[in-house]
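Read through the structure below, which is laid out as structure tokens, and then see the notes.
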Amino acid sequence: MGKFHLGIDAQALDGATLAIVPGDPARVERIASLLDEPQFLAAQREFTIWRGKLAGQSIIVCSTGIGGPSTSIAVEELAQLGIRTFLRIGTTGAIQPDIAVGSIIVTTGSVRLDGASQHFAPLEFPAVADFECTEALVSASRALGVKPVIGVTASSDTFYPGQERYDTYSGRVVQRFQGSLKEWQAMGVLNYEMESATLLTMCASQGLKAGCVAGVVVNRTQQEIPDEAMLAQTEALAIKVVLGAAAELLKQSQ
Ligand SMILES: O=P(O)(O)O[C@H]1O[C@H](CO)[C@@H](O)[C@H]1O
Ligand SMILES: O=c1cc[nH]c(=O)[nH]1
Numbered sequence: 001m002g003k004f005h006l007g008i009d010a011q012a013l014d015g016a017t018l019a020i021v022p023g024d025p026a027r028v029e030r031i032a033s034l035l036d037e038p039q040f041l042a043a044q045r046e047f048t049i050w051r052g053k054l055a056g057q058s059i060i061v062c063s064t065g066i067g068g069p070s071t072s073i074a075v076e077e078l079a080q081l082g083i084r085t086f087l088r089i090g091t092t093g094a095i096q097p098d099i100a101v102g103s104i105i106v107t108t109g110s111v112r113l114d115g116a117s118q119h120f121a122p123l124e125f126p127a128v129a130d131f132e133c134t135e136a137l138v139s140a141s142r143a144l145g146v147k148p149v150i151g152v153t154a155s156s157d158t159f160y161p162g163q164e165r166y167d168t169y170s171g172r173v174v175q176r177f178q179g180s181l182k183e184w185q186a187m188g189v190l191n192y193e194m195e196s197a198t199l200l201t202m203c204a205s206q207g208l209k210a211g212c213v214a215g216v217v218v219n220r221t222q223q224e225i226p227d228e229a230m231l232a233q234t235e236a237l238a239i240k241v242v243l244g245a246a247a248e249l250l251k252q253s254q
């Protein structure tokens with residue numbers, strides 16, 4: 001099991017039950033390098049996997065790629081191998097005007113603008129984060145002197161129309177999403193990203209635990225293109241938060 005796409009077997013996990021799951025494969029080694037005894041396990045398609053030790057226990061770092069379909073494969077195959085807790089660390093675009101670039105967002109639940117989550121639970125089922133994972137992400141942020149923004153995320157299958165971007169080849173957004181950014185804003189939704197709806201629905205509906213943290217790389221009310229240096233700095237901070245949260249959850253499980 002777990003071999004089809006991830007290319008690893010249960011032995012490779014060395015007893016790990018927690019995985020940190022970024023979208024970007026390039027982020028995996030950056031995270032693993034901050035663990036004790038980092039070890040490369042596999043890289044196939046969008047799934048790059050390392051193992052390392054944190055608080056004396058093995059954990060896995062595995063990229064999901066962009067979007068729900070590939071995320072669902074990573075989560076499914078990791079769960080088959082024995083992972084029970086998933087912490088997503090991503091980048092995100094804020095939609096509330098007062099959320100600064102560089103902020104940390106902890107997602108409590110996601111608007112299900114994806115398709116993959118509906119393959120696991122009907123739309124009436126909430127894409128809700130695990131309470132302990134969320135608590136750990138919030139307290140890890142605070143321990144770093146960061147006040148996280150905590151709340152609801154809009155999680156879309158597409159980066160462009162689903163997040164109502166008009167700076168595209170066609171300049172057109174399908175009717176369904178026209179005016180949607182303003183509507184989410186009015187409902188207090190904090191940000192857009194592309195994997196949390198699938199991850200949180202899959203986990204909440206199958207007895208798995210999941211939490212999501214993201215670094216704000218653009219504020220959609222102010223700019224569309226991230227500043228590269230700011231992006232790297234924000235990603236590094238979100239990585240510190242997710243590692244702090246993972247350490248906390250591992251200690252609690254001992
Ligand atoms: O930085 P990652 O984790 O990939 O997350 C965000 O960035 C990608 C889009 O640029 C999407 O995957 C989105 O969810
Ligand atoms: O605006 C953004 C930035 C990062 N990732 C997204 O999905 N949207």
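Counting in full-length UniProt numbering, the sequence shown runs from 1 upward without gaps. The beta-carbon is built from N, C-alpha and C at its ideal position, and this holds for glycine as well. Because the structure is a prediction, the values reported are computed rather than measured.
Could you pull the DSSP bridge partners for K53 from this structure? Position 53 of the sequence shown, counting from 1, holds the residue named residue 53. In the DSSP output, where bridge partners are listed per residue, K53 has D36 and S58.
Alpha carbon of V146 to alpha carbon of S110, nearest angstrom: Counting from one through the sequence shown, the residue named residue 146 turns up at place 146. Counting from one through the sequence shown, the residue named residue 110 turns up at place 110. Those two C-alpha atoms are separated by around 22 angstroms.
Just to confirm, are A32 and G82 a CB contact at a threshold of 9 angstroms? In the sequence shown, residue 32 corresponds to position 32, counting from 1. In the sequence shown, residue 82 corresponds to position 82, counting from 1. Taking 9 angstroms as the Cβ cut-off, A32 and G82 do not qualify as a contacting pair.
Taking the alpha helix (DSSP H) that F131 falls in, what are its first and last residues? As a first step, residue 131 must be located in the sequence shown, where it is residue number 131. Unbroken alpha helix (DSSP H) run through F131: F131 to A143.
Would you list the residues sitting across from S156 in a DSSP beta bridge? Residue 156 sits at position 156 when you count from the first residue of the sequence shown. Answer is L113, bridged to S156.
Three or more C-beta pairs below 8 angstroms linking the stretch 83-92 and the stretch 206-224: yes
How far does the alpha helix (DSSP H) with I73 in it reach, from first residue to last? Position 73 of the sequence shown, counting from 1, holds the residue named residue 73. Taken as a continuous stretch (DSSP letters only), the alpha helix (DSSP H) holding I73 covers G68 to L81.
Can you grab the Cα-Cα spacing for the pair P25 / T134, in whole Å? By 1-based counting over the sequence shown, the position of residue 25 is 25. By 1-based counting over the sequence shown, the position of residue 134 is 134. C-alpha separation (whole angstroms): 24 angstroms.
Quick check: what's the CA-CA separation for I104 versus F4? Indexing the sequence shown from 1 puts residue 104 at position 104. Indexing the sequence shown from 1 puts residue 4 at position 4. Cα-Cα distance, rounded: 34 angstroms.
Whole-angstrom distance between Q223 and K53, CA atom to CA atom: Residue numbering aside, residue 53 sits at position 53 when the sequence shown is read from its first letter. Residue numbering aside, residue 223 sits at position 223 when the sequence shown is read from its first letter. Here the alpha carbon of K53 sits roughly 38 angstroms from the alpha carbon of Q223.
With contact counted as at least three CB pairs below 8 angstroms, one residue from each stretch, are the stretch 90-103 and the stretch 187-196 in contact? By the Cβ rule, the stretch 90-103 counts as touching the stretch 187-196, because three or more pairs are nearer than 8 angstroms.
For W50, which residues of its own chain have a beta-carbon under 7 angstroms away from its beta-carbon, when the five flanking residues on both sides are left out? Here the question's residue 50 lines up with position 50 in the sequence shown. Within the same chain, W50 has close Cβ partners V28, E29, A32, P38, Q39, F40, L41 and V61.
Which ranges would you report for the alpha helix (DSSP H) in the stretch 153-231 if only whole runs of at least 4 residues count? 180-186 and 196-204
Smallest Cα separation from V149: which of V173, D130, D114 and P97? To locate residue 149, count along the sequence shown from 1; it is residue 149. Ranked by how close their Cα comes to the Cα of V149, the residues V173, D130, D114 and P97 have P97 in first place.
Could you tell me whether the stretch 195-202 touches the stretch 115-134, using the rule of 3 or more Cβ pairs below 8 angstroms? With a cut-off of 8 angstroms, the stretch 115-134 and the stretch 195-202 count as touching, because enough Cβ pairs lie within range.
Just to check my reading of the structure: T198 and A116 have Cβ atoms closer than 8 angstroms, yes? What is that Cβ distance to the nearest angstrom? Here residue 198 refers to the residue found at position 198 of the sequence shown. Here residue 116 refers to the residue found at position 116 of the sequence shown. About 4 angstroms; that satisfies the 8 angstroms criterion.
Consult DSSP for Q96 and reduce its assignment to one of helix, strand or coil. Counted from its first residue, the sequence shown places residue 96 at position 96. It is coil, neither helix nor strand.
Expressed to the nearest angstrom, what Euclidean distance is found between the alpha-carbon atoms of N219 and T108? The residue you call residue 219 lines up with position 219 of the sequence shown. The residue you call residue 108 lines up with position 108 of the sequence shown. Rounded to whole angstroms, N219 to T108 spans 20 angstroms at the Cα level.
Hey, is A214 close to ligand 1, as in C-beta under 8 angstroms from one of its heavy atoms? Counted from its first residue, the sequence shown places residue 214 at position 214. Indeed, a heavy atom of ligand 1 lies less than 8 angstroms from the Cβ.
Beta-carbon proximity check, L250 vs I59, cutoff 9 angstroms: Mapped onto the sequence shown, residue 250 falls at position 250. Mapped onto the sequence shown, residue 59 falls at position 59. Result yes, Cβ atoms of L250 and I59 sit closer than 9 angstroms.
Euclidean distance between Cα positions of Q168 and F47: Residue mapping note: residue 168 aligns to position 168 of the sequence shown, counting from 1. Residue mapping note: residue 47 aligns to position 47 of the sequence shown, counting from 1. Residue 168 is actually Thr in this sequence, not Gln. It is roughly 28 angstroms from the alpha-carbon of T168 to the alpha-carbon of F47.
L35 versus R172 - alpha carbon distance: Within the sequence shown, residue 35 is the residue found at index 35, counting from 1. Within the sequence shown, residue 172 is the residue found at index 172, counting from 1. Straight-line Cα distance between these residues: approximately 45 angstroms.
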